[in-house]
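S.K.: Numbering (this note's numbering), first residue to last: 2 to 206. Each residue gets a CB set at the ideal place from its N, CA and C atoms; glycine is no exception. Here it is, the structure in full.
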Amino acid sequence: MATDVPDHRSISRKVGQSPRTRCPAPFLSKTYDLLEEEEERAGREAAHDSCGRRIVSWNAKGNGFVVWSPAEFSELRLPRFFKHNNFSSFIRQLNTYGFKKTESKRWEFQHEKFQKGCRHLLAEITRKKCEPSAFPAYLKASKENPATATEENNCLLLMEENKKLRKERVELQMQIAHYKTLEMKLLECLSQYMGDHQSKVRRLC
């Protein structure tokens, strides 16, 4: 008489099987969508030979991302995916999920599970427990010197604004040079007209 012997491989599969698929946190999904949308926008601009300036993008290796223009990122990108336009709040959220700022001179962030083309890894990123030391040094308020709390956070914004002002200055200088050229041509035309007019008057006399 045959007896039913349980299949150990089947049992092991059932034991190892997750009761439900874990979904990534909305913040992570939105951040990933933001970067993917920016990547598509850059692709369209490249196809039309447009040289638009990047606001945010994946880094060269695809294992992190860079916010190239915090001011424009806060104003134009954050409100599209989040209910705020606060760059500092965005960074605090990144830190809550274990992201690290990897460059001192630009806003580049990395997480081993946050990679270009690997959306499925987002579900493996978990929120850290809130601890006093959880906030990074560049966002931590200083009780001894309150000015330090915003100095580093605003430094890049000021540099970005200074860059824009320099660009506007160059454009204005080019416009002034153009108008001076037009002025010289108008003066030449006027001088030629006055000369011709005087010649006609002399002939009539």
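Reducing DSSP to helix, strand and coil, say where H179 ends up.
M.R.: As a working mapping, residue 179 is identified with position 178 in the sequence shown. It is helical.
S.K.: By Cβ distance, which residues of its chain are closer than 6 Å to L95, with the 5 residues on each side in sequence left out?
M.R.: Here residue 95 corresponds to residue number 94 of the sequence shown, with the count starting at 1. Closer than 6 Å at Cβ, skipping near neighbours: F110.
S.K.: How would you label D197, buried or exposed, when you count the other beta carbons within 10 angstroms and need 16 or more for buried?
M.R.: Translated into the one-based positions of the sequence shown, residue 197 becomes position 196. Label assigned to D197: exposed.
S.K.: How about R78 and L35: are their beta carbons less than 8 Å apart?
M.R.: Start at 1 with the first residue of the sequence shown, and residue 78 comes out as number 77. Start at 1 with the first residue of the sequence shown, and residue 35 comes out as number 34. Taking 8 Å as the Cβ cut-off, R78 and L35 qualify as a contacting pair.
S.K.: In whole angstroms, what separates the C-alpha of C156 from that of F91?
M.R.: Taking the sequence shown and counting its residues from 1, one reaches residue 156 at position 155. Taking the sequence shown and counting its residues from 1, one reaches residue 91 at position 90. Using only the alpha carbons, I get a separation of about 17 Å.
S.K.: Is the separation between the beta-carbon of I126 and that of K117 shorter than 8 Å?
M.R.: Position 125 of the sequence shown, counted from the start, is the residue given in the question as residue 126. Position 116 of the sequence shown, counted from the start, is the residue given in the question as residue 117. No; because the gap between Cβ atoms is not below 8 Å, this pair is not in contact.
S.K.: Grab me the residues of S192's own chain with a C-beta within less than 8 Å of its C-beta, minus the 5 sequence neighbours each way, in chain order.
M.R.: For the purposes of this step, residue 192 is taken as residue 191 along the sequence shown, with counting starting at 1. Taken in chain order, the list of residues that qualify is empty.
S.K.: By the DSSP assignment, the beta strand (DSSP E) with Q116 in it spans what residues?
M.R.: Here residue 116 refers to the residue found at position 115 of the sequence shown. First-last for Q116: undefined, no H or E at that position.
S.K.: Can you list, in chain order, the residues of its chain whose CB lies under 6 Å from that of A124, leaving out five sequence neighbours each side?
M.R.: Numbered from 1 along the sequence shown, position 123 holds the residue referred to as residue 124. Same-chain partners within the cutoff: R23 and P25.
S.K.: Look up S30 in the DSSP assignment and say whether it is helix, strand or coil.
M.R.: The count along the sequence shown starts at 1 and reaches residue 30 at position 29. Reduced to three states, the DSSP call for S30 is helix.
S.K.: To the nearest angstrom, report how far apart E104 and V68 are at their CA atoms.
M.R.: Position 103 of the sequence shown, counted from the first residue, corresponds to residue 104. Position 67 of the sequence shown, counted from the first residue, corresponds to residue 68. Taking the straight line from one Cα to the other gives about 11 Å.
S.K.: Could you tell me the alpha carbon to alpha carbon distance between K106 and A72, rounded to whole angstroms?
M.R.: Stepping through the sequence shown from its first residue, residue 106 is reached at position 105. Stepping through the sequence shown from its first residue, residue 72 is reached at position 71. Each residue's alpha carbon lies about 16 Å from the other.
S.K.: Specify, as a first and last residue, the run of the alpha helix (DSSP H) that S90 falls within.
M.R.: Counted from its first residue, the sequence shown places residue 90 at position 89. Start and end: F88 to T97.
S.K.: Between L63 and the rest of its own chain, which residues show a CB-CB distance below 8 Å, the 5 nearest in sequence each way excluded?
M.R.: The sequence position of residue 63 within the sequence shown is 62, counting from 1. Inspection of the sequence shows that residue 63 is occupied by Gly rather than by Leu. These residues qualify, in order along the chain: Q116, K117 and G118.
S.K.: Return helix, strand or coil for E41, following the three-state DSSP convention.
M.R.: Taking the first residue of the sequence shown as position 1, residue 41 is located at position 40. Reduced to three states, the DSSP call for E41 is helix.
S.K.: How is E73 classed by DSSP in three states: helix, strand or coil?
M.R.: Position 72 of the sequence shown, counted from the start, is the residue given in the question as residue 73. E73: helix per DSSP, three-state reduction.
S.K.: Does DSSP put K101 in a helix, in a strand, or in coil?
M.R.: Here residue 101 corresponds to residue number 100 of the sequence shown, with the count starting at 1. Here K101 sits in strand by DSSP.
S.K.: Just the C-alpha distance for K165 and S58, rounded to the nearest angstrom, thanks.
M.R.: Here residue 165 refers to the residue found at position 164 when the sequence shown is read from its first residue. Here residue 58 refers to the residue found at position 57 when the sequence shown is read from its first residue. If you take the alpha carbons of K165 and S58, they lie about 20 Å apart.
S.K.: Could you check whether H112 and F100 sit closer than 8 Å to each other, using their CB atoms as the reference points?
M.R.: Taking the first residue of the sequence shown as 1, we reach residue 100 at position 99. Taking the first residue of the sequence shown as 1, we reach residue 112 at position 111. Yes, Cβ-Cβ distance for F100 and H112 is below 8 Å.
S.K.: Does the separation of the CB atoms of F88 and S70 fall below 8 Å?
M.R.: Locating residue 88 in the sequence shown gives position 87, counting from the first residue. Locating residue 70 in the sequence shown gives position 69, counting from the first residue. Their beta carbons are not under 8 Å apart, which means F88 does not touch S70 by this criterion.
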